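All you need for our numbering is the position in the first sequence, starting with 1, plus 707.
Glycine included, each C-beta is placed from N, C-alpha and C at the ideal position.
Please read these numbers as outputs of a predicted model, since none were measured by experiment.
Encoded as structure tokens, the structure appears first; notes follow it.
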Amino acid sequence: MDLLEGLNPQQRQAVTCAEGPALVLAGPGSGKTRVLTHRVAYLVREVGVRAGNILAVTFTNKAAREMKARLSHLLGAECEALTIGTFHATCARILRREGTLLGFAPSYTIYDDDDQQAVIKRILKEMNLDDKAYRPGAVLSVISKAKNDLIGPDEFVPKSYREGVIARIYLRYQQALKESNAMDFDDLLTNTVALWQEFPDVLERYRSRYRYVLVDEFQDTNAAQYVLLKQLAAQHRNLFVVADEDQSIYSWRGADFRNIQRFREDFPEAPTILLEQNYRSTQTILDAANAVISRNTRRTPKRLVTERDRGTPLVVHEAYDEQEEGQYVVREIQRLVGEEGFRPGDCAVMYRTNAQSRAVEEAFVRAGMRYKLVGATRFYQRREIKDALAYLRIVYNPADSASLSRVINVPPRGLGPQTAEALFAWAGEQGISVWEALHRLRQAEQGDEPMAHPLSARAVKPLLAFLAQWESLVEESKSLDVASILQLVLERTDYQAYLNDGTEEGRDRWDNVMELLNVASQYASMENSLGVFLQEVSLVADVDELGDQPDTPVLLTLHMAKGLEFPVVFIIGLEEGILPHSRSSGSPEELEEERRLFYVGMTRAKDHLYLVHAFRRASYGRSAPSQKSRFLRDIPHHLTGGERRTWPTRPSAALRVEPVAAPKPREDARPAPPSAPTFAPGDRVVHPKFGVGTVVESRIVSDDEQVTVAFPSNGTKKLLARLAKLEKVR
DNA sequence: GCAGCCCCATTTTTT
DNA sequence: ATGGGGCTGC
Ligand SMILES: Nc1ncnc2c1ncn2[C@@H]1O[C@H](COP(=O)(O)OP(=O)(O)OP(=O)(O)O)[C@@H](O)[C@H]1O
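Structure, rendered in structure tokens:
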């Protein structure tokens, strides 16, 4: 197969460019991922690079799987030797091998958010701090931010008293993790950076191993990830990155698209290759997406053309509420499948927040249709699943104190909060893991030299019984696979009896545990199946998606949609407060990121794009009128088929599409406040008489919008937008 | 120590 | 709405 077949000249140039660094900058659907994939194959097949010398970094595990699949097609068996994965997964693997140098046993545990919270809560108690003044979530976000910027607990410079306290928590937190032989997500990156910094010989090994490094979605790398890349590529300089600054949507996680600029400075010899041909979307979709993104100021405009024809207009639909919104989406999918020959799996429903999936799911259930929720870790968040995983994690890494604290009294065995607190505090004081503390307790009780400990005489017996039980489980598990271990643990803890309280919920919970066992058994034949299984679960490597791939509509967040494409896309909840989200509307930067998020969603669509908003929506149990998203106003009217809605006929009545004239806010009919301003401060506008000016302020006044505009030559004027025929200019 | 009850806040996005 | 956390009574 010719690797260059099916590539345009620009793409070929990128795929075949010489050794050394290179930057591919291009818009959505221009084949960035395809270029990266083909470049890998090209290096192996044409340049003769050994597959083992290539590292390709993707943004999600799913993307890694897809790339692997494509490369296995392009390269055959040789692709097995490639390293393809996310930064986190790759670092996790490196640290399994080399972590001992930093004081971590190979069986270290990756702590998830709950574990992290548990550790922080423990520390707050230890330090006598109020967990309301220092909310664990808030503390963790400060710590995470620091880590993403590679600021360790020692380098952390507090800018306030509060931050001083957090700095102390941070320090203790890192100790606690080490005592538990655990790392959090951010540690996977920072510890790898530290490893390579402190052990140049190790870095040297990885440099010669990963002689060619390729990074997808480079605009969403954070500082730690960028340093990792620099460490690896500083010498051989074979760093190939593809990026689109308009698709940078993870700044809240420390991602910084200015890494593109840094790359240019650090690798000045890198050619920049632009891809300007879009192969995905119709002209209409592209035009609409472009109208939306061009309102962002901090960007370099890109050229992007498509070979495809105009296609159909976008559909903008106003639903009554979130239920009717779900119903509309489901019926429209049924229609597309029934009348237009689409497959259910061609359709995707995208939303800003996970909570929004609920109403859509209910609509699917009511319609008797199957659907797939992407990236839903809900299953792994369930109590019974977390319990079962905690059991497994203890077997794998008994030092894991977070897991021990979770299940020390599950099922109840007389080790209540008092005892647990005493035990954990005692371990904390001594700077040892809880597991070790239990051993000391036994020593103290049964050894020759009695030792003081704070545990009540009554608690000692169940504690030692607990230790004995788990010691035996750890020992017996050594020769077993994950599935057998899980079965054994469930049996010994009598977990089924604990769940089975006679209620249906209890039955369901047990069913879930059996489902977990089913998933685990898919790993059973692997080498070190327990470790592999736990790692994949921790890295959210969508374990549940193994196997079944039904042809069903997909429900996913806009964030999860990055990098994917679908013939039919529904974006729902296009309302102020949701998209843009109220928690992200504070600064212009945040708003621009919300806009990019919408842009990413729109550009996933190949043929049909539906933009749906609801007239009213319930949140936190309260239903309130909503206001349509400002982003919808940026889409020129001629690209949409006008706005439609299916109510107020009767929300449950048969689908009836009634065209609705441009929204005219009538106070009696609409409790909603008047529409949002079309002009925002900073916008450049043109006035027939005064010329070009800059908007200073804009607010809604009765029926029109009063805009204050500063004209360089005519001073500042207050104008009514409609009357003055104000127009935006770019 | 533990089950049951009530109150309350809820930071949206994920590796 | 929902579940986690605090409180009460056994
Ligand atoms: N030269 C080409 N000829 C035909 N189809 C192409 C070509 N290049 C890319 N495509 C197709 O265009 C679509 C988009 O490609 P790809 O996902 O690689 O783009 P991308 O730039 O990574 O997109 P995004 O940034 O939006 O995720 C894919 O379906 C791909 O197969």
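The Cβ atoms of F970 and Y933 sit closer than 9 Å to each other.
Contact between the region 1036 to 1048 and the region 1335 to 1347 is absent: fewer than three C-beta pairs spanning the two stretches fall below 8 Å.
In the displayed model, V1081 falls within coil according to three-state DSSP, outside both helix and strand.
Contact check for L1162 and L1130: beta-carbon distance about 6 Å, within the 8 Å limit, so the pair qualifies. Listed in chain order, the beta strand (DSSP E) runs fully inside the region 1088 to 1165 amount to none, counting runs of at least 3 residues. Boundaries of the alpha helix (DSSP H) harbouring S848: P843 to N855, taken from the DSSP string. No heavy atom of ligand 1 is found nearer than 8 Å to the CB of P1274. Setting aside the 5 residues that flank it on each side, K1093 is surrounded in the same chain by D821, Y1087 and R1113, each with a C-beta closer than 8 Å to its C-beta; the list follows chain order. For K1009, no alpha helix (DSSP H) segment is defined, and its DSSP state is neither H nor E.
Segment contact: the region 1047 to 1056 against the region 1290 to 1300, fewer than three CB-CB distances shorter than 8 Å; contact not assigned. Short of 6 Å from the beta carbon of L711, and not among the five residues preceding or following it, lie these beta carbons of its own chain, in chain order: R719.
Unbroken beta strand (DSSP E) stretches of 3 residues or longer found wholly inside the region 1248 to 1315: 1261 to 1264 and 1273 to 1278, given in chain order.
The beta carbons of V948 and L921 sit closer together than 9 Å. Distance between E1068 and Y957, taken at the CA atoms: about 26 Å.
If you draw a 10 Å sphere on the C-beta of H1315, you find 16 or more other C-beta atoms in it, and that means buried.
Around V1276, the same chain offers A1055, R1311, A1312 and L1316 as residues with beta carbons nearer than 6 Å, after the five sequence neighbours per side are excluded. Annotation for R1006 indicates a beta carbon at 8 Å or more from all heavy atoms of ligand 1. Here DSSP, grouped into helix, strand and coil, assigns M774 to helix.
Pairing A799 with T989, the inter-Cα distance amounts to about 41 Å. In the displayed model, K1335 falls within a strand according to three-state DSSP. Annotation: the continuous beta strand (DSSP E) that includes V920 extends over Y919 to V922. In the displayed model, E1068 falls within a helix according to three-state DSSP. DSSP lists T1264 as the beta-bridge partner residues of Y1058. Assigned with DSSP and collapsed to three states, F1322 falls in coil, not helix or strand.
From the listed residues D927, Q984 and H943, the smallest Cα separation to Q968 is found for D927. Setting aside the 5 residues that flank it on each side, V722 is surrounded in the same chain by L710, L711, L714, V742, H745, R746 and Y749, each with a C-beta closer than 8 Å to its C-beta; the list follows chain order.
For S1236, the CB contacts under 6 Å within the same chain, skipping 5 residues up- and downstream, are D1188, V1189 and Y1230 in chain order.
The region 773 to 785 and the region 729 to 739 do not touch, with fewer than 3 CB-CB distances between them shorter than 8 Å. Around R1303, the same chain offers D953, Q954, S955, I956, I1000 and N1003 as residues with beta carbons nearer than 8 Å, after the five sequence neighbours per side are excluded. Residue burial is scored here from C-beta neighbours: A845 has fewer than 16 other C-beta atoms within 10 angstroms and is therefore classed as exposed.
Bounds of the alpha helix (DSSP H) holding A874 are Y868 to E886.
The alpha-carbon separation between Y841 and S1326 amounts to approximately 27 Å. Judged by DSSP in its simplified three-state form, V731 adopts strand.
Bridge pairing for A1026: A1321 [DSSP]. In the three-state scheme derived from DSSP, where H, G and I count as helix and E and B as strand, Q1063 is classed as helix.
For N1116, the CB stays at least 8 Å from every heavy atom of ligand 1.
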